[in-house]
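Some notes on the structure that comes next.
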Ligand code: SF4
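Residue numbers (the working numbering): 20 to 382.
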């Protein structure tokens, strides 16, 4: 499987907790960026001919640049690389006031939308600095569905200011009642350099234990609606897992276009810096070799399926080294891992402290 990621680094306004690379949406800047993006996609498609199995527009707020430009970029990918039969094509969308031309996007070839809901509670949305409210989100979901989008993913945030167990439960019910097939549920992370980081002592955030409880509660609640957990922060109705993100976690190859986008092609990892200039000048930074056994295990253990003996054998042509199995087994009594005849994997409690568990298994 090969994926293509297109970064669209424009937002109407910066959310106070966000540290993604994005800039103010200015029409001429967006046009210049769209032209550069299409040119760069054509250039790399010529150098590395292959059909993409997934195409993902992330941001930023890709929906902000309008259907016409999005379809132009889509065409650059489909004419350059080619898209395999039944390719998954995702657009990240923010449910703001402006109407999104879902009909045009569907006609062009997009078949999945990922909507930045975050919460269905207007007070929580306000505290997160989001520009939409519950009704905007509802309108956005309905418009996508009536244009024929069946594969809809919603983002939720856990442990945000003023969130309660009841409000989280209501947000999850909102997703289920409105037909979401996939839910990405992330714990709020306070990133250095963001306004939230400076305000962190006055936000009324919960501590580590409460965060852990909220995460477990959300996962159980999502499961009660039929959303199976297949990755640390991702849940879906069976068959609706994000094929694009599975490429990352299964350590397969992908192209990334745009400032801060990463690629893994021909066994090497590369990325663009967080600046328009770096991308315009094609300053790809080499990040070394990728795809080794440690990387494969580290990424694979993010998945609920974990590392199976069979998948490791298929990838490397040898058995999963005993040392990893032994270290995973040593964490089993504490409830962080499971090992059986299929392979090794993390439990939900293990997911909560995945960095420490992975460090222990890979030490
Ligand atoms: S809309 Fe998304 S990418 Fe843009 S600032 Fe907010 S969280 Fe960040």
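Every residue gets a Cβ at the ideal spot worked out from N, C-alpha and C, and that includes glycine.
In this text the structure is predicted, and so the values were computed from the model without any measurement.
Would you call the CB atoms of residue i and residue j closer than 8 Å?
i: residue 286; j: residue 309; result: yes
i: residue 100; j: residue 55; result: no
i: residue 146; j: residue 179; result: yes
i: residue 284; j: residue 67; result: yes
i: residue 337; j: residue 307; result: no
i: residue 21; j: residue 272; result: yes
i: residue 370; j: residue 251; result: yes
i: residue 128; j: residue 97; result: yes
i: residue 205; j: residue 36; result: no
i: residue 367; j: residue 238; result: yes
i: residue 106; j: residue 74; result: yes
i: residue 292; j: residue 38; result: no
i: residue 133; j: residue 174; result: yes
For residue i, is the classification buried or exposed, using 16 other Cβ atoms within 10 angstroms of its Cβ as the cut-off for buried?
i: residue 253; result: buried
i: residue 374; result: exposed
i: residue 32; result: exposed
i: residue 114; result: buried
i: residue 140; result: buried
i: residue 243; result: exposed
i: residue 191; result: buried
i: residue 300; result: exposed
i: residue 394; result: Nothing can be reported for residue 394, as the shown portion of the chain is limited to 20 through 382.
i: residue 363; result: buried
i: residue 356; result: buried
i: residue 137; result: buried
i: residue 72; result: buried
i: residue 200; result: buried
i: residue 119; result: buried
i: residue 87; result: exposed
Specify the secondary structure class of residue i as computed by DSSP and reduced to three states.
i: residue 319; result: helix
i: residue 266; result: helix
i: residue 49; result: helix
i: residue 100; result: coil
i: residue 372; result: coil
i: residue 147; result: coil
i: residue 253; result: strand
i: residue 216; result: helix
i: residue 205; result: strand
i: residue 298; result: helix
i: residue 58; result: helix
i: residue 105; result: strand
Relative to the alpha-carbon of residue i, which residue among the options has its alpha-carbon at the smallest distance?
i: residue 126; options: 159, 139 and 167; result: 167
i: residue 249; options: 276, 202 and 164; result: 202
i: residue 63; options: 370, 277, 164 and 366; result: 277
i: residue 274; options: 290, 260, 262 and 268; result: 290
i: residue 109; options: 90, 130 and 92; result: 130
i: residue 334; options: 121, 53 and 269; result: 269
i: residue 208; options: 323, 219 and 172; result: 219
i: residue 51; options: 73, 39, 34 and 27; result: 27
i: residue 81; options: 49, 95 and 60; result: 49
i: residue 183; options: 169, 195, 143 and 172; result: 143
i: residue 353; options: 365, 102 and 361; result: 365
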